[in-house]
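K.L.:
First, the structure itself, so that you have it in front of you.
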Amino acid sequence: MSSKKVMANLSQPKLERPSQISELIHRRRTKVEEQQRLKTPEKLTVPGFNTETSHTSSNAIREEYVPEQDVAEVLKQQKERQSKLADQMLAMTQNLKQVSVAARDIIKQDNRNLSDVQDVVDKNTAKLGKETAQLEKFNQSSGKCWVWTLIFVVMVIFIVMVIFIRLFPRKRPNR
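Under the working numbering, the first residue of the sequence shown is numbered 1046, with each subsequent residue one higher.
Structure below.
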């Protein structure tokens, strides 16, 4: 049965008269049989035989159509099925709890790792800012040094040219 059907069965009001119970059981069984016929038209359902309605994790919950059964027996079977379903739901709930606790622990560890990584990134960013400032200072001072060196070289070349021109004047042609 689907979870909606299980919840509908659990929330059904309790009926006091056996005739109401048998009518309810008969209606449900005919409804299930009709659904089975609609789903698989090539299947032939024979009254008196077991018909599978659905499968849960490892157990199959089966609806048995045996009109000769006593109403008390049917009620006992229904209670057993409800008990089995409750046990399965309890097991699934415990499994879900274990999985959620494990997921919570993993998420907490990941959050710790992320905060540690964020701290390291912040420290590296601060160090990178300091190193960038020092590099800019060095670049500015080395740039000034090169500029002064080039100005000095140009001045020396200018002075050498002036001296060269004075020492070797241009010859004038005779007229």
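Even for Gly, the Cβ is constructed at its ideal location relative to N, Cα and C.
Using DSSP with H/G/I as helix, E/B as strand and the rest coil, what is V1091?
P.N.:
Numbered from 1 along the sequence shown, position 46 holds the residue referred to as residue 1091. Caution is warranted here: a pLDDT of 45 is assigned to V1091, below 50, making its placement in the model unreliable, and no coordinate value can be reported.
K.L.:
Below 8 Å, how does it come out for the segment 1066 to 1073 and the segment 1112 to 1126: are there three or more Cβ pairs, yes or no?
P.N.:
The segment 1066 to 1073 vs the segment 1112 to 1126: in contact.
K.L.:
Which class does K1124 belong to by DSSP, given the choice of helix, strand or coil?
P.N.:
Position 79 of the sequence shown holds residue 1124. The answer is helix: DSSP assigns K1124 an H, G or I state.
K.L.:
By the three-class DSSP mapping on this structure, what secondary structure does K1129 have?
P.N.:
Working through the sequence shown from its first residue, we reach residue 1129 at position 84. Looking at K1129 - three-state DSSP - the assignment turns out to be helix.
K.L.:
Give me the Cα-Cα distance between V1201 and C1190, rounded to the nearest whole angstrom.
P.N.:
On the sequence shown, residue 1201 is found 156 positions in, with the first residue counted as 1. On the sequence shown, residue 1190 is found 145 positions in, with the first residue counted as 1. So the two alpha carbons sit approximately 17 Å from each other.
K.L.:
Return the CA-CA distance between T1177 and N1184, expressed in angstroms with no decimal places.
P.N.:
Within the sequence shown, residue 1177 is the residue found at index 132, counting from 1. Within the sequence shown, residue 1184 is the residue found at index 139, counting from 1. Spanning the two alpha carbons is a distance of roughly 10 Å.
K.L.:
What's the C-alpha gap between R1072 and Q1081?
P.N.:
If you number the sequence shown from 1, residue 1072 lands on position 27. If you number the sequence shown from 1, residue 1081 lands on position 36. Whole-angstrom Cα-Cα distance: 14 Å.
K.L.:
Three-state secondary structure (DSSP) at R1215?
P.N.:
Residue mapping note: residue 1215 aligns to position 170 of the sequence shown, counting from 1. Coil, per DSSP.
K.L.:
Return the CA-CA distance between D1167 and Q1179, expressed in angstroms with no decimal places.
P.N.:
Within the sequence shown, numbered from 1, the residue matching residue 1167 stands at position 122. Within the sequence shown, numbered from 1, the residue matching residue 1179 stands at position 134. Roughly 19 Å separates the two Cα atoms.
K.L.:
In whole angstroms, what separates the C-alpha of R1126 from that of Q1154?
P.N.:
Within the sequence shown, the letter at position 81 stands for residue 1126. Within the sequence shown, the letter at position 109 stands for residue 1154. The alpha-carbon atoms of R1126 and Q1154 are separated by roughly 42 Å.
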